[in-house]
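Each residue of the sequence shown is one higher than the one before, counting from 88 in my numbering. Presented below is the structure to which this report refers.
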Amino acid sequence: MGPVVLKFGGTSLNSASARQAAIRHIADAKNRGNRVAVIVSAMGRRGEPYATDTLLALLETIDSRIDARKKDLLLSCGEIISAVLISHMLESIGIASVPLSGFQAGIITDGKYTDATIIDVKTEPIIRCLEEDKVAVIAGFQGYSRNLEITTLGRGGSDISAIVIGGYIGADTIDIFTDVPGVAVTDPRIIPESPFIKLLSREHMYRLSKHGAKVVHPRAVKAAIDFKTPFRVRSTFSQDPGTLIDSETHCLSDRGLIGIASEDGMNLISLVFSKSEAREMEEEVCTLLSDKGVVPLGIFYEPYTLLLALNQEDKQKAVRIIYDGFFCNYKRVNTAG
């Protein structure tokens with residue numbers, strides 16, 4: 088049996104109750120006989136004491152011109168605090184653990200400050216912990232260069248840490264824990280009833296994340312493609328298995344639309360289809376929109392993806408129209424059930 092990797096994001100660690108939920112998942116994994124590596128983000132979001140953006144604001148209030156080396160050295164602290172705290176909580180309930188910074192865990196990067204890429208993982212420190220039946224609690228989002236400089240991986244860096252570390256240590260499973268139950272068909276802020284997908288291919292997940300689905304960083308999905316490793320997106324606050332990202336997709340639309348992605352501040356929506364060629368769906372999509380008075384300003388294509396440029400005021404309306412048009416049968420079946 089290979090090791091398992093559990094990654095907890097900032098919203099999974101930002102309160103005592105959230106941290107206790109994370110501890111329960113770790114304890115459950117240990118009780119099943121697994122060797123466990125845990126990757127942690129900094130706790131919370133902007134305004135909360137140890138969040139990455141809060142730490143950055145300490146420097147920005149003095150001078151917005153910040154030396155990149157100083158920035159990375161400071162920003163690495165948030166994840167280290169999380170690692171020590173989670174390790175201490177595990178020890179308090181009798182689970183042996185070792186907190187590790189990116190440096191101590193052997194995470195080597197290309198040395199680019201604030202946006203580094205992991206180029207190698209010297210797995211000995213992590214493997215040693217696991218072989219001693221200890222939980223390795225690793226600070227995500229960071230590593231060190233060949234010149235022994237601390238570097239951070241940029242936004243979504245802890246997701247990247249989890250996938251890459253899991254790939255290097257041959258993890259059986261990688262679970263990305265967050266505050267949502269998985270990957271939704273579209274943004275629940277726009278479509279509150281949007282269902283969650285049970286099974287997604289890595290390629291489809293990459294297309295969704297690249298175009299605005301924030302649940303997993305696209306660089307992390309790209310790493311999963313490179314390692315050919317499956318992973319799950321799950322809620323910290325339930326036992327539901329969430330969304331499995333692997334080699335196949337369970338499409339909830341009977342016409343091949345997997346999901347609708349949109350990025351805040353941009354007038355694009357992206358439709359990801361199960362087939363590699365999305366062009367054949369253009370006419371159907373445009374007819375749906377024009378019948379409701381919405382006309383795209385431009386149409387673009389990528390593998391599996393139809394991208395629509397829209398007036399900003401039409402963006403959410405277009406998401407609703409397309410969702411209702413493509414998922415009507417899904418809604419009808421589930422309402423009847």
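Glycine is no exception: its CB is placed at the ideal position from the N, C-alpha and C atoms. Model, not experiment: these values are computed from the prediction.
Keeping to the same chain, check which residues put their C-beta closer than 6 Å to that of Lys221; ignore five residues upstream and five downstream.
Cβ contact annotation for Lys221 (same chain, cutoff 6 Å, sequence separation greater than five): Ala183, Ser184, Val185, in chain order.
Among Lys158, Cys164, Leu397, the one whose alpha carbon lies nearest that of Glu350:
When each option's Cα is compared against that of Glu350, the closest is Leu397.
Using only alpha-carbon positions, find the residue among Lys117, Ala365, Phe324 that is nearest to Arg342.
In this structure, Ala365 is the residue among Lys117, Ala365, Phe324 with its C-alpha nearest to the C-alpha of Arg342.
CB-CB under 7 Å to Ala203, same chain, minus the five flanking residues each way: which ones, in chain order?
Within the same chain, Ala203 has close Cβ partners Thr196, Asp197, Gly230, Thr238, Thr239, Leu240.
Rounded C-alpha distance that separates Asp262 from Pro317
Distance between Asp262 and Pro317, taken at the CA atoms: about 9 Å.
N-terminal and C-terminal residue of the alpha helix (DSSP H) that Glu218 is part of:
211-218 is the extent of the alpha helix (DSSP H) around Glu218.
Starting from Thr141, trace the alpha helix (DSSP H) both ways and give me its first and last residue.
Per DSSP, Thr141 belongs to the alpha helix (DSSP H) from 139-147.
Suppose you measure from the CA of Lys199 to the CA of Glu367; what does that come to, to the nearest Å?
Separation of Lys199 and Glu367 (C-alpha to C-alpha, rounded to the nearest whole angstrom) is 42 Å.
Quick check on Glu350: does DSSP put it in helix, strand or coil?
Of the three classes helix, strand and coil, the one that applies to Glu350 here is coil, per DSSP.
Endpoints, beta strand (DSSP E) assigned at Tyr388:
385-389 is the extent of the beta strand (DSSP E) around Tyr388.
Can you give me the Cβ contacts of Ser288 inside the same chain, cut-off strictly under 8 Å, excluding the 5 residues immediately before and after it?
The beta carbon of Ser288 lies closer than 8 Å to those of Ile332, Asp333, Ser334, Glu335, Thr336 in the same chain, with the five residues before and after it left out.
Are the segment 98-118 and the segment 245-259 touching, with three or more C-beta to C-beta distances below 8 Å?
Under the Cβ criterion (8 Å, minimum of three pairs), the segment 98-118 does not count as touching the segment 245-259.
Which residue or residues does DSSP assign as beta-bridge partners of Arg321?
Answer is Phe264.
Closer than 7 Å by C-beta to Glu211: which residues in its own chain qualify, once you throw out the five before and the five after it? Chain order, please.
Excluding the 5 residues flanking it on each side, Glu211 has same chain C-beta neighbours closer than 7 Å at Gly193, in chain order.
Measuring straight from C-alpha to C-alpha, what distance separates Arg133 and Val267?
Approximately 19 Å between the Cα atoms of the pair.
Just to confirm, is the Cβ distance from Gly120 to Gly97 under 8 Å?
Cβ distance not < 8 Å, so Gly120 and Gly97 don't count as in contact.
Quick check on Val382: buried or exposed, where buried means 16 or more other Cβ atoms within 10 Å of its Cβ?
Classification of Val382: exposed, given that the 10 Å Cβ count is below 16.
Could you check if Ala144 is buried or exposed, using at least 16 other CB atoms within 10 Å of its CB as the buried criterion?
Exposed, since its Cβ has fewer than 16 Cβ neighbours within 10 Å.
Starting from the Cα of Pro90, find the closest Cα among Arg111, Ala226, Glu219, Ser188 and give me that residue.
The option with the nearest alpha carbon to Pro90 is Glu219.
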